[in-house]
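With the working numbering applied, the sequence shown closes on residue 671, and no number is skipped along the way.
Backbone N, C-alpha and C fix where the C-beta goes; we use that ideal spot for every residue, glycine too.
In what follows, a single structure is set out as structure tokens and then discussed.
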Amino acid sequence: MSLFSVFISFIYYFCFAVLLVIFLVYRFDRSTGKRFSDLMANIVSLGVDKPLEKRVEGDDDFAQLDGVLHKVAASVRDLRRTEQAIIDNAVDVICSLDRNGRFSQVNPAAESLWKMSKDELVGKTLVALVAEEDRERTHAVIQAAIEKGDSGSFELKTVDKDGVTVEMLWNVFWSADMDRLFCVAHDVTERKQLERMKQEFVAMISHDVKSPLTSLQLTLGVLSSGKLGEMPEAVHSRLNRAETSVAHVVKLVGDLLEMEKLDSGAFQLYKESVSGARIIEESVALVEESLRNEKMSVDVKAADVQITCDHQRMVRVITNLLSNAIKFSEPESKIEASFAIDGKDALFEVRDHGRGIPKEKQQVIFERFKQLEADDEHGKKGSGLGLAICKAIVEAHGGTIGVRSENGKGCCFWLRIPCA
């Protein structure tokens with residue numbers, strides 16, 4: 252074969268090989284490009300929360316990644332359906348407001364509460380639904396939340412389409428990224444009505460019950476003292492029992508009123524510098540008659556150190572603890588009361604040698620209306636409020652209160668409050 256023929260053959264096969272490579276590259280590029288394009292389209296659809304309409308077939312990396320995308324899309328879809336179901340079925344109002352305080356989204360609870368459709372609410376300002384006396388405050392709170400980019404809670408009165416007032420507790424959160432104020436509002440109308448009824452009841456007890464009882468107590472005291480003439484022994488005995496019963500009721504009413512003050516935050520601590528020993532001494536003096544009747548004594552060990560506290564309320568706490576110790580101790584026994592400085596705390600202790608308190612009941616006794624035994628309320632003349640009041644007063648001082656006891660071996664009530 253001549254050299255020319257060899258050269259022509261080489262050129263022929265070379266051109267054929269080049270064309271074949273070009274053809275294969277074209278086919279590969281066209282197939283891969285389409286699969287890559289479909290994969291990108293699915294990624295974009297997932298990002299904008301649209302259904303993934305295309306599926307990349309095969310068993311290569313593209314197909315595996317596309318399978319993961321479809322699984323993620325299904326999970327996100329299920330999660331959003333769940334979230335939407337929660338929002339749609341929520342009892343509380345869930346909504347969002349724009350920067351101007353206009354509703355941009357509301358859930359069905361908002362429509363039901365204000366008796367307006369979604370179309371009526373969207374675009375309407377929250378202030379337009381608020382009772383006139385709360386409008387200025389509501390506007391200020393919303394603007395403050397937006398300007399500070401903060402969350403907060405507040406109460407306000409809104410008015411529904413029929414003019415009925417609805418009292419609500421709002422929790423709001425400003426999202427700078429979404430430029431929206433997200434809100435959850437709870438209807439507290441019934442709770443507020445109950446609170447007002449409770450306040451009216453307390454006022455009634457204070458004025459219509461306590462005052463006549465106090466007057467009756469004074470009258471019984473004058474009669475039993477003999478200042479209005481000597482009474483027969485049988486009458487004198489009945490008067491003493493009546494006076495004791497009325498005194499118990501007066502104390503119960505006083506405890507109820509004090510508990511209400513502590514619950515409502517309507518009381519204030521009047522702190523002053525006072526000796527811990529003086530608090531113990533004054534408390535012992537207040538239970539002196541009970542000690543004498545039971546032939547009991549108090550062993551006092553108190554450091555004469557100044558602390559800062561509400562003098563009268565701390566005397567009340569120690570008096571309550573001493574009264575309990577007297578109540579649950581045997582006649583002619585001894586009670587111990589002590590005060591000392593322990594680190595940065597003032598430590599008071601009242602110890603008795605009575606029946607003690609079972610371990611499982613040592614925390615329960617500080618709850619209101621709790622008694623150790625079923626007959627304590629009647630047999631021991633207790634209201635179940637004394638220790639609850641003690642706990643509230645001590646905690647108002649930033650302190651703690653507790654008890655150490657073994658059943659049948661007496662108990663030691665202790666309390667700690669900061670010295671300063």
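One or two residues paired with residue i in a DSSP bridge
i, result
"GLY374", "Bridge partners of GLY374: none, in fact."
"CYS662", "ASP603, SER656"
"PHE424", "SER402, PHE433"
"ILE668", "ALA597"
"VAL410", "THR416"
"PHE590", "ALA553, PHE599"
"VAL651", "Residue identity differs from the one stated: residue 651 is Thr in this sequence, not Val. ARG667, per the DSSP bridge assignment."
Where the beta strand (DSSP E) through residue i begins and ends
i, result
"GLN557", "557-561"
"HIS437", "431-438"
Between the CA atoms of residue j and residue i - distance to the nearest angstrom
i, j, result
"SER526", "CYS434", "51 Å"
"SER355", "LYS305", "33 Å"
"THR376", "ALA382", "13 Å"
"GLU446", "VAL439", "10 Å"
"GLY472", "ILE652", "36 Å"
"LEU432", "ASN422", "10 Å"
"ILE668", "ASN358", "49 Å"
"PHE518", "GLU583", "38 Å"
"GLU600", "VAL615", "19 Å"
"SER363", "LEU303", "36 Å"
"ILE345", "GLU618", "36 Å"
"THR465", "GLU441", "34 Å"
"GLY374", "ASP349", "9 Å"
"ASP401", "ALA395", "8 Å"
"SER589", "THR416", "56 Å"
"SER656", "LEU666", "14 Å"
"GLU509", "CYS663", "25 Å"
"ALA643", "HIS487", "39 Å"
"ILE569", "VAL460", "27 Å"
"ASP626", "ASP329", "Here the model assigns ASP626 a pLDDT of 44, short of 50, so the residue's position is not dependable and the matter cannot be decided."
"SER368", "ASP428", "28 Å"
Supposed contact pair residue j and residue i - C-beta distance, whole angstroms, cut 8 Å
i, j, result
"SER674", "LYS585", "The structure shown has nothing for residue 674, since the chain only spans 252 to 671."
"SER580", "HIS604", "6 Å"
"ALA341", "ALA360", "6 Å"
"TRP365", "LYS408", "About 12 Å; that fails the 8 Å criterion."
"LYS595", "CYS641", "Not really, about 21 Å apart at Cβ, beyond 8 Å."
"LEU537", "HIS648", "The Cβ separation is near 20 Å, so there is no contact."
"GLU418", "GLU406", "7 Å"
"ASP506", "LEU636", "4 Å"
First and last residue of the uninterrupted alpha helix (DSSP H) at residue i
i, result
"LEU464", "462-476"
"LEU638", "637-647"
beta-carbon residue i near the ligand MG non-hydrogen atom, thresh 7 Å
i, result
"ILE577", "Inclusion of the ligand MG in the displayed structure is not the case, the ligand content being empty and no account of it being possible."
| field | Length at least 3, wholly inside the segment 341-407: the beta strand (DSSP E) runs in chain order | value | 344-348, 354-357
| said: Which runs of the alpha helix (DSSP H) at least 4 residues long sit entirely within the segment 519-588? Give them in chain order. | reply: 527-537, 539-544, 562-578
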